[in-house]
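Colleague: Below is the structure I would like to discuss, written out as structure tokens.
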Amino acid sequence: MATGFAPLKNDLILRAARGETVERPPMWIMRQAGRYLPEYHVVKDGRDFFETCRDAEIASEITIQPIDHFDGLIDAAIIFSDILVIPQALGMEVLMIDGKGPSFPHPLRSPEDLKKLRTTVDITKELDWAFTAITLTRKKLNGRVPLLGFCGAPWTLLAYMTEGSGSKMFRYAKEWLYRYPKESHELLQRITDVAIDFLAHQVAAGAQMLQVFESNGGELGPVEFDEFCLYYLKQISAKLPAKLAELGITEKIPVTVFAKGSWYALDKLCDAGYDCVSLDWLHCPAEAVKTANGRVALQGNMDPGVIYGTKEAITAKVEQMIKGFNGGKKNYIINLGHGTQPMMDPEQVGRLRVVGYMTPSLYKLSFELIIEGLQVAKSFNISQT
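Counting in my numbering, the sequence shown tops out at residue 387, every number present.
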């Protein structure tokens, strides 16, 4: 287990995830490190995506870029990696093709293909680079903000492994569920076991909070969600503490679950054993707060498309969102309802952060956000209402 880390100076997000009252709502953004930032392209310098992830020094630098770029406006870093490293650990080849996205040259198209997967996975060997990057990043952060680790959720990973890429129809993934349900459960269980091990070792390497990404959750109906998705999400939250204990970790590590599109399952997700449930923009904040009823913290949930709007639109939507979450001083973390996109303007993303940081429910703002090169200059006047 990695040690020797600096004391944490900003623990807002950890306290919010634990349900404590905080001074202001903490904030981070899914895919906050990546292609919309100009400095990302300078560091990546034409390298293959997964090559970049596997280089601990480069992955660490990219992870910290948004913390530096939006200095003082962001309350957590999330390690630069990808949800598809678990299929790689299981023995599958995964490529990242420019302009297309992830591609599996040899997807699982029948139960016979399960023989292609490793029967046992030594996570410390297969994904050692990920743990090295986490430890290095935690040390470089020097306590500025917490470091988040993450993994893809079982159903989402099954979909990629059977489709061979991202999908709109989920033709092969659905064929597995309805033609080979027994083998689907076998595959989901194998993914789940690796995911638990991976998450635990991320904490051992230095991660202070975790998120499980069920990005394709909304592709299942309520009955199928319970059987092929929720069952395994519950296993992750239930078994993770014991796995952490095996590694000598007894402190409570906050874990968030994000099941995109699964609005119908919010009540069940609140009882799935997670500390925080991340919401996409299909949720009404006030209704989500009512449904959660204090059982978990909520995270989200602004439509990423708002970033393409005017500055006034961004300000209005952030204010509306925080108001919907009762001002955000308890059980709330500001985030988008999904990740940033490559063509987004960093200045617009920065405006979201400034408005969120200053808690519009409590303050009247006038500010100008200017981005010059790789630096952010901020000037704003604040008067308390």
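Even glycine gets a Cβ: it sits at the ideal position worked out from N, Cα and C.
Given the structure is predicted, the values throughout are model-derived calculations rather than measurements.
(1) For the beta strand (DSSP E) holding residue 302, just list the boundary residues, first then last.
(2) From residue 236 to residue 156, what distance separates their C-alpha atoms?
(3) Could you spell out where the beta strand (DSSP E) holding residue 62 opens and where it closes?
(4) For residue 348, count neighbouring Cβ atoms within 10 angstroms of its own Cβ and tell me buried if that reaches 16, exposed if not.
(5) Buried or exposed for residue 296, please, with buried defined as at least 16 other CB atoms from any protein chain shown within 10 angstroms of its CB.
(6) Provide the residue(s) that pair with residue 55 in DSSP beta bridges, ordered along the chain.
(7) Note down, in chain order, each residue of its chain lying with its Cβ closer than 8 Å to the Cβ of residue 337, except the 5 sequence neighbours on either side.
(8) How close, in whole Å, do the beta carbons of residue 104 and residue 86 come, if the pair is a contact with beta carbons under 8 Å?
(9) Using C-beta distances below 7 Å, list every residue in its chain close to residue 12, excluding the 5 sequence neighbours before and after it, in chain order.
(10) Does the beta-carbon distance from residue 326 to residue 287 come in below 8 Å?
(11) Are there 16 or more other CB atoms within 10 angstroms of the CB of residue 324, so buried, or fewer, so exposed?
(12) Please specify which runs of the beta strand (DSSP E), each continuous and at least 3 residues long, are wholly inside the region 194-254, giving them in chain order.
(13) By DSSP's criteria, residue 153 is part of a beta bridge. Which residues make up the other side?
(14) For the putative contact between residue 206 and residue 251, defined by C-beta atoms under 8 Å, what is the C-beta separation to the nearest angstrom?
(15) Quick one: Cα of residue 218 to Cα of residue 115, how far?
(16) Thinking C-alpha only, which one of 9, 135, 21 is nearest residue 65?
Modeller: So, from the listed chains and residues:
(1) The count along the sequence shown starts at 1 and reaches residue 302 at position 300. Segment 299-304, the beta strand (DSSP E) holding residue 302.
(2) Translated into the one-based positions of the sequence shown, residue 236 becomes position 234. Translated into the one-based positions of the sequence shown, residue 156 becomes position 154. Their Cα atoms are separated by approximately 11 Å.
(3) Numbered from 1 along the sequence shown, position 60 holds the residue referred to as residue 62. Taken as a continuous stretch (DSSP letters only), residue 62 belongs to no beta strand (DSSP E), being part of the alpha helix (DSSP H) at 58-71.
(4) Position 346 of the sequence shown, counting from 1, holds the residue named residue 348. Label assigned to residue 348: buried.
(5) The sequence position of residue 296 within the sequence shown is 294, counting from 1. Of the residues assessed, residue 296 falls on the exposed side of the cut-off, its CB having fewer than 16 other CB atoms within 10 angstroms.
(6) Position 53 of the sequence shown, counted from the first residue, corresponds to residue 55. Beta-bridge pairing links residue 55 to no other residue.
(7) Translated into positions along the sequence shown, residue 337 becomes position 335. So the list reads 29, 30, 31, 32, 280, 301, 302, 303, 304, once near-sequence residues are dropped.
(8) Position 102 of the sequence shown, counted from the first residue, corresponds to residue 104. Position 84 of the sequence shown, counted from the first residue, corresponds to residue 86. Indeed, because the Cβ distance is near 6 Å, the residues count as touching under 8 Å.
(9) Taking the first residue of the sequence shown as 1, we reach residue 12 at position 10. Here the set comprises 77, 146, 147.
(10) Position 324 of the sequence shown holds residue 326. Position 285 of the sequence shown holds residue 287. Contact flag set, yes.
(11) Position 322 of the sequence shown, counted from the first residue, corresponds to residue 324. Buried, because 16 or more other Cβ atoms sit within 10 Å of the Cβ of residue 324.
(12) 211-216
(13) Residue numbering aside, residue 153 sits at position 151 when the sequence shown is read from its first letter. The partner list for residue 153 (beta bridge, DSSP) reads 214.
(14) Within the sequence shown, the letter at position 204 stands for residue 206. Within the sequence shown, the letter at position 249 stands for residue 251. Yes, residue 206 and residue 251 are in contact; Cβ-Cβ is about 6 Å, under 8 Å.
(15) In the sequence shown, residue 218 corresponds to position 216, counting from 1. In the sequence shown, residue 115 corresponds to position 113, counting from 1. Computed Cα separation, rounded: 22 Å.
(16) In the sequence shown, the residue the question calls residue 65 occupies position 63. Checking every option, the nearest Cα to that of residue 65 belongs to 135.
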